[in-house]
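Presented below is the structure to which this report refers.
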Amino acid sequence: MNVLLIGNPNVGKSVLFSRLTGLRVIASNYPGTTVGYTQGKMKMGEAAATVVDVPGAYTLEATSEAERIAVAMLETGDVVVNVIDATNLERNLYLTLQLLERRKPVVVVLNMWDDTAHRGIHIDVARLQELLKAPVVPTVAVTGEGIRQMVEAIPSAAVSDAPVRTRDERWATVGRIVSEVQRVTHRHHTWRDRLADASVHPFSGSILAALILAGSFYLVRLIGESLIRYLLDPFFQRVWTPVLERLSAALGGGGLLHDAVVGKLIDGGIDYVQSFGLLSSGLYIEFGMVLPYLLSFYLALGLLEDIGYLPRLAVLVDTAMHRMGLHGYAIIPTMLGMGCNVPGIVATRILESRKQRFIACTLISVAVPCAALQAMVVGVVGRHGARYVAIVYGSLLAVWLVTGAVLRHTVKGFAPELLIEIPPYRLPQWRAVLQKLWTRVWGFLVEAAPIILGTVLVVNIAYSLGVMRFLARLAAPVVTGVWGLPKEAVTALVVGVLRKDVAVGMLAPLSLSAKQATVASLVLAMFFPCAATFAVFWKELGVRDVLKATLIMVVAAVAAGGALNLVL
Amino acid sequence: MRVSLAGMKAGQSGTVVEIHGGHDAADRLAALGIMPGRRIAKVSAMILRGPVTVRVGRTHVAIGFGMARRVFVEAELT
């Protein structure tokens, strides 16, 4: 049996899906978190059923890509679990009526039931069930309340005999049902309502945005730095170094195998940044430098997502984003891209036109540094002073704005306007925030970590085969002539095709000047998408677009790196 | 008084009377509950022709400036 979870955006379908299947999917407090569908299994009595988390839809008239997917998936379902935000019955019931008209057995789930009480909303569930002629179950997906009753109600769902209505008739019917089953008692405006309104006003909203972004930045740094200083550096220095030293001695203190595994000895000892062995720099880049910032970044992002702040930020930046042919909601893929470009590029599906998607994907690949890259820039360039880190960020911001402005005028297509629902602020649930953090960090550990280690290994093999020396000679004119870097830096650029964090790490042994490290980091961030980004860009927008974007990146990197080399 | 959503003052309420522009925009707005006959209240407007935000029923919606100019409302005097 195929059970579809269908409902308006941001009503808790993904949370319900995780509850039913035990699979962890990312859930957040903004419309459009789920852009593709996820499938899982759940037990229904003795039998197993397939559950599908369908992207949110307001209507089956398909006004967006997510709705087109939902309509197409509807055909494949045996039963529809229609998830409704119980605090917003009126808007949600429109889709319910459409689903009933499609002659599918429907179970109606009144989710966020706990929220109705303190919003002064009273719903007569029994009467609603009579009027819809479908089982209606109140649930609180985040706590699991009502889930069992919902599953038990599935067999009793029957095909409805609801007449097919026009849009106006449907809204009129919704109105009649709501006036009959819902009673709203007056309540005072809460601080949350006031804060909700204040965050989309030009003045108070801008101040709030500055505070929230500064606070998030501070939180990311505080947690990331503390983890490194008090946990990871002591661990590597006190526990891991002695192990490696013994291994180094056992391997004879040098030679091909020694350098690949332990790395080159620097002044007779292991230097985690410069040695570049699999078990020294390989592990240190991954766990000692990248992981702490990844953790702190995703914690901050998860909080912003679950509070429901991101759609408000979209309203504030809308005008600025129009200058780049985008609209405010493009800030969401951009923020996700600051964790990892891959989910950022997938999230551009929330944008309506192909022009917008191409611009957003290109801008993410060229100018939005992922958390791993940022951690390494802070680690490597930061040694020369915070000023140089700021220059890298400032340059990327400038590249983002300029490239966007150019693409807006050169890419064909149309740029629809912002039209989004702003969710209510919600207090983040710690369990949910930590679970999401774990899902993302685990994703990094199983997907990115092996590539990082593999890259370090490939670097060692390439060095010993003389491949790198050959490439260095080949690329010297641009690397040395335009960017003012030593020709050995080309090896870092080559590695950047696989992993940009490892690439920045490779700059460390080159003893670059502050200026060179700054230029090299900027160029590395921009010049080519990493392999994973390239692959997902290809999958999302096709080979032509990814090649176009790559060309833009190479040109922009040569120009921006050259300019910075002249200016600094 | 008939005004567009862009011309309405923040805090003002009214009834949607007409939506200009293509079917596409009208359909997307209708999906969120913004259609002729509906009560609507303007919450805020960003400066520099930024988006406006409105409340329809219990839904808070942000609408780009260009689209807001095509939604006409019979506004109540406040």
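Protein chains in written order, with the working numbering: chain A, 23 to 590; chain B, 32 to 109.
Where a beta carbon is used, it is the ideal one built from N, C-alpha and C, also for glycine.
According to DSSP, simplified to helix, strand and coil, what is Val123(B)? In the structure as shown, chain B starts at 32 and stops at 109, and residue 123(B) therefore has no counterpart that could be examined.
Return the chain-ordered ranges of every alpha helix (DSSP H) run that is complete within the segment 417–493 of chain A and spans a minimum of 4 residues. 452–465 and 471–487
Which residues bound the beta strand (DSSP E) around Ala106(B)? Taken as a continuous stretch (DSSP letters only), the beta strand (DSSP E) holding Ala106(B) covers Val102 to Ala106.
When you compare the CB of His223(A) with every CB in chain B, is at least one pair closer than 7 Å? yes
Could you give the DSSP three-state label for Thr624(A): helix, strand or coil? Nothing can be reported for residue 624(A), as the shown portion of chain A is limited to 23 through 590.
Near-chain A residues of the segment 74–94 of chain B (beta-carbon distance less than 7 Å), N- to C-terminal order: For the segment 74–94 of chain B, the set of residues with a beta-carbon nearer than 7 Å to any beta-carbon of chain A comprises Val74, Ser75, Met77, Ile78, Leu79, Arg80, Gly81, Pro82, Thr84, Gly88, Arg89, Thr90, His91, Val92, Ala93 and Ile94, in chain order.
Assuming Gly88(B) and Gly64(B) are in contact, meaning their beta carbons sit under 8 Å apart, how far apart are those beta carbons, in whole angstroms? 6 Å
Under the rule that 16 or more other beta-carbon atoms within 10 Å means buried, what is Gln120(A), buried or exposed? buried
Using DSSP with H/G/I as helix, E/B as strand and the rest coil, what is Gln151(A)? Assigned with DSSP and collapsed to three states, Gln151(A) falls in helix.
For the putative contact between Lys537(A) and Leu590(A), defined by C-beta atoms under 8 Å, what is the C-beta separation to the nearest angstrom? 5 Å
Give the DSSP bridge partners of Thr46(B), in chain order. Residue pairing by DSSP places Thr46(B) opposite Arg70(B) and Glu105(B) in a beta bridge.
Under DSSP, the alpha helix (DSSP H) around Gly237(A) begins and ends at which residues? Looking at the DSSP string, the run of the alpha helix (DSSP H) that includes Gly237(A) is Pro224 to Ser248.
Taking only beta-carbon atoms, is Arg113(A) less than 7 Å away from chain B? yes
CB contact flag (Gly324(A), Arg448(A), <7 Å): no
Presumed contact (8 Å Cβ cut-off) between Leu515(A) and Leu544(A), rounded CB distance: Not quite, the Cβ-Cβ distance comes to about 12 Å (not below 8 Å), so this is no contact.
Contact residues within the segment 179–209 of chain A, judged by C-beta distance below 8 Å to chain B: Arg189 and Trp193
Proximal residues to Ala76(B) (C-beta, below 7 Å), its chain only, five neighbours per side dropped: Ala41 and Val83
When Cβ atoms are compared, which residues of the segment 74–100 of chain A fall closer than 7 Å to chain B? Tyr80, Thr81, Glu83 and Thr85
With distance defined between alpha-carbon atoms, name the residue in Gly361(A), Leu269(A), Thr161(A) and Arg216(A) nearest to Arg41(A). Across the set Gly361(A), Leu269(A), Thr161(A) and Arg216(A), the C-alpha of Thr161(A) shows the shortest separation from the C-alpha of Arg41(A).
Taking 6 Å as the cut-off, is the CB of Tyr252(A) close to at least one heavy atom of the ligand ZN? Looking for the ligand ZN in the displayed structure turns up nothing, as the structure carries no ligands at all.
Residues of chain A with CB under 9 Å from Leu108(B), in chain order? Going along chain A, no residue has its Cβ under 9 Å from Leu108(B), so there is no contact; the nearest lies around 22 Å.
If the criterion is Cβ atoms closer than 7 Å, does the pair Ile367(A) and Ile386(A) meet it? A Cβ-Cβ contact shorter than 7 Å links Ile367(A) with Ile386(A).
Short CB-CB distance (under 7 Å) between Met39(B) and chain A: no
Shortest alpha-carbon distance to Ile250(A) belongs to which of Tyr315(A), Gly277(A), Leu321(A) and Val295(A)? Tyr315(A)
Report the residue from Val131(A), Tyr485(A), Gly435(A) and Val103(A) whose alpha carbon sits nearest the alpha carbon of Ala148(A). Val131(A)
So which residues of chain A does Leu63(B) contact, with C-beta pairs closer than 8 Å? Here the neighbours are Tyr80, Arg113, Leu441 and Glu443.
Of the residues Glu443(A), Ala156(A) and Asp293(A), the one placed nearest Asn51(A), counting alpha carbons only: Glu443(A)
Let me see if you follow: with CB-CB separation under 7 Å, is Arg100(B) close to chain A or not? no
Inspect the beta-carbon positions of Val388(A) and Thr555(A) and report whether they are closer than 7 Å. no
Sufficient close CB pairs (3 or more, under 8 Å) joining the segment 473–487 of chain A to the segment 516–533 of chain A: yes
CA-to-CA distance, Leu459(A) to Ile245(A), given in whole angstroms: 14 Å
Which of helix, strand or coil DSSP assigns to Ala99(B): Of the three classes helix, strand and coil, the one that applies to Ala99(B) here is helix, per DSSP.
Quick one, are the C-beta atoms of His144(A) and Arg205(A) less than 7 Å apart? In this structure, Arg205(A) lies closer than 7 Å to His144(A) by Cβ.
Kindly give me the distance between the Cβ atoms of Leu332(A) and Ile353(A), rounded to whole angstroms, as I take these residues to be in contact under 8 Å. 7 Å
So for Gly78(A), helix, strand or coil by DSSP? The answer is coil: DSSP assigns Gly78(A) none of H, G, I, E or B.
I want to know whether the segment 26–41 of chain A touches the segment 77–85 of chain A - three or more CB-CB distances under 8 Å. With a cut-off of 8 Å, the segment 77–85 of chain A and the segment 26–41 of chain A count as touching, because enough Cβ pairs lie within range.
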